[in-house]
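Start counting the sequence shown at 5; every next residue gets the next number (my numbering).
Every residue gets a Cβ at the ideal spot worked out from N, C-alpha and C, and that includes glycine.
Working notes for the structure below.
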Amino acid sequence: MKDFPPGRGHMYRILHSEASPGWGGQEMRILQETTEFTRRGYAMAIVCQPESGIGRQGAKEGKTLYRLRMRSCFDLQAVFQLRRLLQAQKIDLVHTHSSIDSWVAGLAAKSLRLPVVRSRHVSIPVKRYRNFNYNHLADRIIVNGEAMKRLLMQGGVKAEKIVSIPPGIDLTRFHPRIGGEKIRAEFALTGPVIGMIAMLRGSKGHTYFLQAARIVLQRYPEAHFLIVGDGVRRVRIQQEIEQLGLSRQVTMTGFRRDIPEILAALDLYVLSSLRETFPQTILQALAMRKPVVATDSGGVPEIIHPGATGLLVPPGDARALAEAILTLLADRGYAQRLACAGYELVRQEYTLERMIAKTEQVYRELLESS
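Here it is as structure tokens:
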């Protein structure tokens, strides 16, 4: 068994758990948090599935990882294995993230009377008969916006346990000085470029993005659309592109790690989600000083104030999405004013430092009272 990394001085030992096998914004945020807390002197590690996106990327980044098969919410073998790990490594606090690991790690931690923080990353409503985990296994629940907080409260989760901590953007990585020439050359982009970065799944509304693209191209035939990301709907989206006759005007890039450079190449960022929590990609686009059109879903209105920091449209309305895109393509001055206002909002409210400081406050309150 690999030893937990040493913290500096008398700092605490914190274990993140993540049972999701995939890779996306949720997993990125966990790695980002472990990096930042390590810099602050904490001893950090992650327990994850044996074959998972966060395990692969975490290994590349040199994170301390414990691989544990977590088959279900009530995998008692995993609970007891994790309990032994918590004891052996003298863990002070457990931070859970997905449904399965929130049960497995929550039960293991509570059997040892350790404080538990749970992050809720998805916008699916919580049924009242399933809120036991939130009300009894978690001491604090971190959500990424007020919309998510209201959703949990509607499901019977105790308000006093919920803390809203929006994502924070690393402004040393996402900033307007980055150039997009390399990406434009790679994909031979010459006209206006409209892009969307998201997992390829139904809730992201790629169908409406493509329908809007067809409308926009009637007025701006030189425009090009980028779909960045991968996922279960990849083949279906490719078929839709072909059916709409957009094969020359729409490029699917697949999964990319050079997101700042991708954003730098765009003239306009679009998010067409049907359901959202608090999308980091909008914050990243604004940090790059890019104009944004997004759907009025979940926590998006907390970032995009219509006519101030971007434009909002109803989810599932391709015509409205197209009209908003056309508005910003036709009036570049207006688009840039929105982008500048959004940039200032991110600098003031949504920095990485602010997110980490708020999370550390949650940790400290629990650790110092346990």
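7 Å Cβ shell around residue i - same chain, five flanking residues per side excluded
i	result
Met-5	With a pLDDT of 42 at Met-5, under the threshold of 50, the modelled position of this residue cannot be trusted; read the value that follows with caution. Ala-92, listed in sequence order.
Val-296	Tyr-273, Ile-286, Ala-289, Leu-290, Ile-308, Gly-314, Gly-346
Gln-243	none
Simplified DSSP assignment, three categories, for residue i
i	result
Cys-52	strand
Tyr-133	helix
Pro-32	Residue 32 is actually Met in this sequence, not Pro. It is helical.
Ala-23	coil
Thr-211	helix
Leu-325	helix
Arg-293	coil
Ala-47	strand
Alpha carbon of residue i to alpha carbon of residue j, nearest angstrom
i	j	result
Val-147	Asn-137	15 Å
Val-126	Glu-280	8 Å
Phe-191	Arg-252	11 Å
Tyr-338	Ala-109	49 Å
Val-236	Leu-193	27 Å
Leu-371	Ala-298	39 Å
Leu-221	Ile-187	21 Å
Ile-329	Ser-24	35 Å
Lys-114	Leu-141	7 Å
Pro-119	Thr-176	33 Å
Arg-154	Glu-353	20 Å
Selected residue, minimal CA-CA separation from residue i, among the options
i	options	result
Val-254	Ala-216, Val-236, Arg-260, Pro-264	Ala-216
Asn-139	Val-121, Arg-33, Pro-295	Val-121
Trp-107	Arg-88, Val-83, Asp-96, Arg-117	Val-83
Tyr-273	Pro-283, Arg-261, Ala-289	Ala-289
Ile-245	Leu-214, Pro-264, Asp-262, Ala-269	Leu-214
Pro-196	Pro-318, Leu-248, His-228, Ala-49	His-228
Ile-173	Leu-356, Arg-44, Gln-81, Ser-21	Leu-356
Thr-382	Gly-184, Gln-81, Met-74	Here the chain covers residues 5 to 374 and nothing more, so residue 382 does not appear.
Cut-off 6 Å between Cβ atoms - residues of its own chain near residue i, not counting five sequence neighbours on either side
i	result
Gly-258	Asp-234
Arg-293	Pro-180, Ala-343, Tyr-347
Ala-163	Met-157
Asp-143	Pro-119, Val-120, Leu-370
Check: residue i C-beta below 7 Å from any heavy atom of the ligand ADP
i	result
Arg-122	This structure simply doesn't include the ligand ADP, nor any ligand for that matter.
- Query: Fully enclosed by the segment 69 to 153, which beta strand (DSSP E) runs are 3 residues long or longer?
  - Reply: 69 to 71, 97 to 100, 120 to 123, 144 to 147
- What beta strand (DSSP E) runs, 3 residues minimum, are completely inside the segment 151 to 194? 166 to 168
- Query: Which whole runs of the alpha helix (DSSP H) in the segment 209 to 252 are 4 residues long or more, in chain order?
  - Reply: 210 to 223, 238 to 247
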